[in-house]
Amino acid sequence: MKKSSALKILNHAMLVLTLATFASAALAQDRSAPAFDKWRPKAGVYAEPGKNFQSSCDESGSLTIDLGEKSVSGYEWGCDVKRITDLGPDSLKVEMVCDDYNLAQNLNPRDPNWENRQFNEVMLIKRLDETTISVQKSLNGKLKDPPWRAAYCPLATQRALAEATLRAKVEAKQKAEQDRALKEAHPQDGAYAAAGGDFEDRCAKFNDTIVLRQIDHDSLKHLQDRKHTGSASRHR
């Protein structure tokens, strides 16, 4: 009798242990697997669908979304994306820091630094179909305007935008390199003369360009006197 009871207790314990093992494995699998695939809108230009769709796509200032580059922009406003939150399989919330010239001027026209003012904004994006999304953007942090539809512009527009973006990046890089080269190419203080057989004589007479930086009045007068003396000697 005692032996039979012990076997029953052992079998019950093994059953409980097995069920707990399966439950733990299932729970771990559920936690590791995402609830849904993350959707992101195509990078590029969007415009409101309708009879003026193509012309709206070709105009500058159309809605441009590139979450990969953390950038969203429109007419006279541009935003840096700071955070993306998935709200569902086809919707997300984008938190941004934005420059908005029109909003800055409307809020405080007398602000001397309105161009440098930034705003914390939110954009809600929802997929409607393969090429169309619903967009709602806050203004000064408040969702006042209702959502509106935006369709992905044709490939010709997307190609033109990509080329313009690449060209702007190349030009910005070239300008940065030129500015750096100019900054590093400051000449040394002192007198300069044209190279040649009489180089030393030219240097002594100060006939050529003189580069002066942070020189005091007495030193400047001394150089001018020496140059004047050299000119007088030459005319004798």
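Okay, so the sequence shown: first residue is 1 according to the UniProt record's numbering, each after it adds one.
By construction, the Cβ of each residue, glycine as well, lies at the ideal position given by its N, Cα and C atoms.
Legend entry - Sequence-distant residues of the same chain with beta carbon closer than 7 angstroms to Asn108, five excluded per side: Trp114
Inset, instruction - Thinking Leu67 and Val45 are a contact (beta carbons under 8 angstroms), I'd like their distance in whole angstroms, please. - result: The Cβ separation is near 14 angstroms, so there is no contact.
Inset, instruction - Identify which residue in Leu143, Asp111, Ala164 and Gln105 has its Cα closest to the Cα of Asp58. - result: If we check each option's Cα against that of Asp58, Ala164 comes out closest.
Legend entry - Within 8 angstroms, strictly: CB atoms of Val94 and Val72: Yes, Cβ-Cβ distance for Val94 and Val72 is below 8 angstroms.
Legend entry - Start and end residues, alpha helix (DSSP H) containing Asp80: In the DSSP annotation of this structure, Asp80 is not part of any alpha helix (DSSP H); the continuous beta strand (DSSP E) holding it starts and ends at Trp77 to Gly88.
Inset, instruction - Please check the pair Ala151 and Thr132, which I expect to be a contact at CB under 8 angstroms, by giving their CB distance rounded to whole angstroms. - result: The distance from the Cβ of Ala151 to that of Thr132 is about 5 angstroms, consistent with a contact at the 8 angstroms cut-off.
Legend entry - Of the residues Leu63, Gly197, Thr85 and Asp37, the one placed nearest Gln158, counting alpha carbons only: That would be Leu63, whose Cα lies nearest to the Cα of Gln158.
Inset, instruction - Put Cys57 into one of helix, strand or coil per three-state DSSP. - result: helix
Legend entry - Helix, strand or coil at Ala150 [DSSP, three-state]: strand
Inset, instruction - Kindly list the residues whose CB is nearer than 7 angstroms to the CB of residue 263, restricted to its own chain and excluding five residues on each side of it in sequence; keep chain order. - result: Because residue 263 is not part of the residues shown, which for the chain are 1 to 236, the question remains open.
Legend entry - Buried or exposed by the 16-neighbour rule on C-beta atoms within 10 Å, applied to Asp145: exposed
Legend entry - Supposed contact pair Phe119 and Asp90 - C-beta distance, whole angstroms, cut 8 angstroms: In this structure Asp90 does not touch Phe119 by the C-beta definition: roughly 27 angstroms separates them, more than the 8 angstroms allowed.
Legend entry - Helix, strand or coil at Leu143 according to DSSP, with G and I counted as helix: In the structure shown, Leu143 adopts coil according to DSSP, grouped into three states.
Legend entry - CB contact flag (Leu128, Ser134, <8 angstroms): Their beta carbons are under 8 angstroms apart, which means Leu128 touches Ser134 by this criterion.
Legend entry - Per-residue DSSP class, three states only, for Phe50: It is Gly, not Phe, that sits at residue 50 in the sequence shown. Coil at Gly50, not helix or strand.
Legend entry - Where residue 263 sits in the DSSP three-state scheme: Nothing can be reported for residue 263: it is not among the residues displayed for the chain, which extend from 1 to 236.
Inset, instruction - Report the residue from Trp39, Cys153, Lys173 and Asn140 whose alpha carbon sits nearest the alpha carbon of Ala47. - result: It is Cys153 whose Cα lies nearest to the Cα of Ala47.
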